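Heads up, the sequence shown is in our numbering, so the first residue is 13 and it goes up one at a time. A virtual CB, placed ideally from N, CA and C, is assigned to each residue, including glycine. From a predicted model like this one, the values you see are computed outputs, not experimental measurements.
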Amino acid sequence: MLLSVFALVSCESDLEMQKVADKVGAPQLYPYGQSIVITEDNAETTTTFAWSPANFGYSAAVNYSLIIQVGDGEKKLVGSTFANYLEVKLKDLNAAAVEAGAPTAVAASASLTLIASISDSYETVSSAPVTVTITTLTALPEALHIIGNVLGSQEWNNANYEYVMFRDNNLAVNTYTTKFKAGGFKFILNENLGSWDNLYGEAGAGVLGNKTGGDITGINADGYYTVTTDLKALTYTITPYDASAASTYSAISLIGEFNGWNGDDGSELDLIPTDYDPHIWILDTVELPAGELKFRVGHDWATSWGGGEAFPYGIGTGDNLKVPEAGTYFVKFNDLTKHYVFHKK
Numbered sequence: 013m014l015l016s017v018f019a020l021v022s023c024e025s026d027l028e029m030q031k032v033a034d035k036v037g038a039p040q041l042y043p044y045g046q047s048i049v050i051t052e053d054n055a056e057t058t059t060t061f062a063w064s065p066a067n068f069g070y071s072a073a074v075n076y077s078l079i080i081q082v083g084d085g086e087k088k089l090v091g092s093t094f095a096n097y098l099e100v101k102l103k104d105l106n107a108a109a110v111e112a113g114a115p116t117a118v119a120a121s122a123s124l125t126l127i128a129s130i131s132d133s134y135e136t137v138s139s140a141p142v143t144v145t146i147t148t149l150t151a152l153p154e155a156l157h158i159i160g161n162v163l164g165s166q167e168w169n170n171a172n173y174e175y176v177m178f179r180d181n182n183l184a185v186n187t188y189t190t191k192f193k194a195g196g197f198k199f200i201l202n203e204n205l206g207s208w209d210n211l212y213g214e215a216g217a218g219v220l221g222n223k224t225g226g227d228i229t230g231i232n233a234d235g236y237y238t239v240t241t242d243l244k245a246l247t248y249t250i251t252p253y254d255a256s257a258a259s260t261y262s263a264i265s266l267i268g269e270f271n272g273w274n275g276d277d278g279s280e281l282d283l284i285p286t287d288y289d290p291h292i293w294i295l296d297t298v299e300l301p302a303g304e305l306k307f308r309v310g311h312d313w314a315t316s317w318g319g320g321e322a323f324p325y326g327i328g329t330g331d332n333l334k335v336p337e338a339g340t341y342f343v344k345f346n347d348l349t350k351h352y353v354f355h356k357k
């Protein structure tokens, strides 16, 4: 009797799915009538993709996933929504296109497809592909370092990379919140480390010289400050930072796929607090494979940070941080602002 009831329910379920399938109408992506050229200047702006809704034969919340593919390459997710449009930051579209195999700084043809779904019980339906021309951002902007006598023991060491600055994301302005000493400093690009040429110094209050200028002398007393610099605008800022209520941690380490997420065998990679600020943690010359990892406090999961796809720069989040390629890195983490940087050596 039980078998008969199960068979009846199964047949009714299959029949209902068939009825839905017979009534399904696929969504249609509206044509995107312009070429997409992504630059450092527009990477933070958004573009909108829109479509006519899918029809599953009855009222239901429909989830739409926008997929990009370059040639016969791997399909990559651009974003998902329950609306009939998707606003996408160009930097995120850039990341998806590059992952899908789009060449950098060259116009390439890509196809966009929309996949609609209502639940795991029903098959998805897809739109016809729409072709777009996309030119991705050329490259990650060069890392920027602080050089001077305002941080630690590496005073005016023009080969020192340990004072590499942070960024909110790969294309954001450079920033550094830490305990500075009163003194002077300049900025140096990674490609110029080891040389006294092409340092960015002060050309006026808040203004940088284009690889020229004197020492920046805006830090007149020891204390916590946030220093930012925008090389495109040739500007910098120095702002006092209140760290009085900040937590002080005894240990911060890396754990992840590189050690099988094993926190019991001593294979976590312990970062070391710097000599100028207990809130800045570093780990030098570490070999990391591609894979996911997190920072965590005290070899415990009570407090931890990842970063998702944001690499090599970002701000700690709850998601695992994805290291896209194996390499040798200088790793730095700021427990005040949760900024991190994986500086490839």
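What is the residue span of the beta strand (DSSP E) that Asn-106 lies within? As a first step, residue 106 is located in the sequence shown; it is residue number 94 there, counting from the start. That residue, Asn-106, is in no beta strand (DSSP E); its alpha helix (DSSP H) goes 102-111.
Return the residue from the list Ala-112, Phe-199, Lys-356 and Gly-328 that minimises the CA-CA distance to Asp-84. As a first step, residue 84 must be located in the sequence shown, where it is residue number 72. Answer by Cα proximity: Ala-112.
My output table needs one value for Asn-204: the three-state DSSP class, helix, strand or coil. By one-based count along the sequence shown, residue 204 stands at place 192. Three-state result, Asn-204: helix.
Counting Cβ pairs, one atom from each stretch, are 3 or more of them under 8 Å apart for the region 343-354 and the region 277-293? yes
For the region 298-311 against the region 253-266, do three or more pairs of beta-carbon atoms, one drawn from each stretch, fall closer than 8 Å, so that the two count as touching? yes
Considering Cα atoms alone, identify which of Phe-94, Asp-287 and Val-100 is closest to Ser-165. Your numbering for residue 165 matches position 153 in the sequence shown. Taking only the C-alpha atoms, the option nearest Ser-165 is Asp-287.
Segment limits, beta strand (DSSP E) that includes Ala-122: Position 110 of the sequence shown, counting from 1, holds the residue named residue 122. Element bounds for Ala-122: 120-129.
Minimum length 3: unbroken beta strand (DSSP E) runs contained in the region 222-258: 228-231, 235-242 and 247-252
Which of the three DSSP states is assigned to Ala-33 in this structure? To locate residue 33, count along the sequence shown from 1; it is residue 21. Confidence at Ala-33 is low in this model, with a pLDDT of 46, below 50, so the placement of that residue is unreliable and no value is reported for it.
Over what stretch of residues does the beta strand (DSSP E) that includes Phe-342 continue unbroken? For the purposes of this step, residue 342 is taken as the residue at position 330 of the sequence shown. It spans 339-346 - the beta strand (DSSP E) in which Phe-342 sits, taken as one unbroken run.
Out of Lys-103, Ile-200, Val-335 and Ala-171, which has the shortest C-alpha to C-alpha gap to Leu-183? Your numbering for residue 183 matches position 171 in the sequence shown. Taking only the C-alpha atoms, the option nearest Leu-183 is Lys-103.
Phe-178, buried or exposed, once every other Cβ within 10 Å from all chains shown has been counted against 16: Within the sequence shown, numbered from 1, the residue matching residue 178 stands at position 166. Counting Cβ neighbours within 10 Å, Phe-178 comes out buried, since at least 16 surround it.
Which partner residues does His-351 have in the DSSP bridge list? Numbered from its first residue, the sequence shown carries residue 351 at position 339. Answer is Ile-327, bridged to His-351.
Near Gly-221, which residues of its chain fall below 8 Å by C-beta distance, leaving aside the five closest residues on each side in sequence? Position 209 of the sequence shown holds residue 221. Cβ neighbours of Gly-221 beyond the five flanking positions: Tyr-212, Gly-213, Glu-214, Ala-215 and Leu-246.
So, Leu-149 versus Asn-172, is the Cβ gap smaller than 9 Å? By one-based count along the sequence shown, residue 149 stands at place 137. By one-based count along the sequence shown, residue 172 stands at place 160. Cβ distance not < 9 Å, so Leu-149 and Asn-172 don't count as in contact.
Decide if Phe-199 is buried, meaning its Cβ has at least 16 other Cβ atoms within 10 Å, or exposed. Translated into positions along the sequence shown, residue 199 becomes position 187. Per the 10 Å Cβ criterion, buried.
Name the DSSP beta bridge partners of Glu-167, please? Here the question's residue 167 lines up with position 155 in the sequence shown. Answer by DSSP bridge pairing: none, since Glu-167 is not bridged.
To which residues of the same chain is Gly-230 closer than 7 Å at the C-beta, ignoring the five residues directly before and after it? Reading the sequence shown from its first residue, position 218 is the one you call residue 230. Closer than 7 Å at Cβ, skipping near neighbours: Ile-250.
Please state whether DSSP places Phe-270 in a helix, a strand or coil. Taking the first residue of the sequence shown as position 1, residue 270 is located at position 258. If DSSP states are grouped into helix, strand and coil, Phe-270 belongs with the helices.
Bridge partners for Ala-62 per DSSP, in chain order? Position 50 of the sequence shown, counting from 1, holds the residue named residue 62. Paired residue(s): Tyr-97.
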